[in-house]
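Remarks on the structure that follows.
See below:
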């Protein structure tokens, strides 16, 4: 049976603002209580509204959680994307991506905690288009660096997965209170050494 939302016109500016508010409230609730306990009722209480208001904007709980995932990835692109695009080389772009990602985790700890909680209970992160796009970008940077001679020969898929695994660990380290600047610098040095061409 189709959702009542399917027949609704495009949301207005006010409706979009309300949706964004509810997504931010969901971030707070998930960060505090976990994804499994982030019910419409609990999120409505945080927002100071009735459960029905949330149901109007989000047909299902999964749709609201999906909104949280989209928000966090959008914020990451907003914060890290410009750094990567402004880089003068593939090597610089990769290092900006790594360092910028760690600093993003430090700037948005609740968002990252909420995202991690959702991925712990939802379908695999690898199924998300946002995650796939991010991995393709890293893979592309690595291939580009190899073509220009900045990077040595290696399996770009394995290297991209290794970078992602290190950044996943960084999420938890930053959340536990580790120095984000020190961690970002160390990861930059580590992957610079791991990828750079012997002649550079």
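Residue numbers (this note's numbering): 10 to 209.
Virtual Cβ for every residue (Gly too), placed ideally from N, Cα, C.
How is residue i classed by DSSP in three states: helix, strand or coil?
i: residue 160; result: strand
i: residue 28; result: helix
i: residue 137; result: coil
i: residue 14; result: Unreliable positioning characterises residue 14 in this predicted model, as indicated by a pLDDT of 49, which lies under 50. The coordinate reading is nonetheless provided below. If DSSP states are grouped into helix, strand and coil, residue 14 belongs with the helices.
If you draw a straight line from the C-alpha of residue i to the C-alpha of residue j, how long is it?
i: residue 101; j: residue 48; result: 43 Å
i: residue 152; j: residue 94; result: 16 Å
i: residue 183; j: residue 190; result: 10 Å
i: residue 200; j: residue 51; result: 42 Å
i: residue 116; j: residue 88; result: 10 Å
i: residue 104; j: residue 165; result: 15 Å
i: residue 72; j: residue 206; result: 45 Å
i: residue 128; j: residue 98; result: 33 Å
i: residue 168; j: residue 125; result: 22 Å
i: residue 64; j: residue 43; result: 20 Å
i: residue 92; j: residue 161; result: 23 Å
i: residue 163; j: residue 34; result: 43 Å
i: residue 15; j: residue 192; result: Interpretation of residue 15 is limited by its pLDDT of 49, a score under 50 that renders its predicted location unreliable; no figure is taken from the coordinates.
i: residue 204; j: residue 74; result: 36 Å
Can you tell me which of the options puts its alpha carbon nearest to the alpha carbon of residue i?
i: residue 118; options: 103, 99, 85 and 98; result: 85
i: residue 170; options: 194, 193 and 149; result: 149
i: residue 55; options: 21, 72, 36 and 71; result: 36
i: residue 38; options: 26, 122 and 112; result: 122
i: residue 67; options: 146, 147 and 25; result: 25
i: residue 111; options: 187, 21 and 206; result: 187
Report the CB separation of residue i from residue j in whole angstroms; it is logged as a contact under 8 Å.
i: residue 130; j: residue 45; result: 6 Å
i: residue 147; j: residue 106; result: 7 Å
i: residue 28; j: residue 76; result: 7 Å
Cβ of residue i within 7 Å of any heavy atom in the ligand FMN?
i: residue 85; result: Looking at this structure, you won't find the ligand FMN or any other ligand, since it has none at all.
contact_flag[the segment 171-182, the segment 191-207] where n(CB pairs < 8 Å) is 3 or more: yes
Stretch-stretch touch, CB-based, cutoff 8 Å, three pairs: the segment 136-147 with the segment 56-64: no
Three or more C-beta pairs below 8 Å linking the segment 67-86 and the segment 154-165: no
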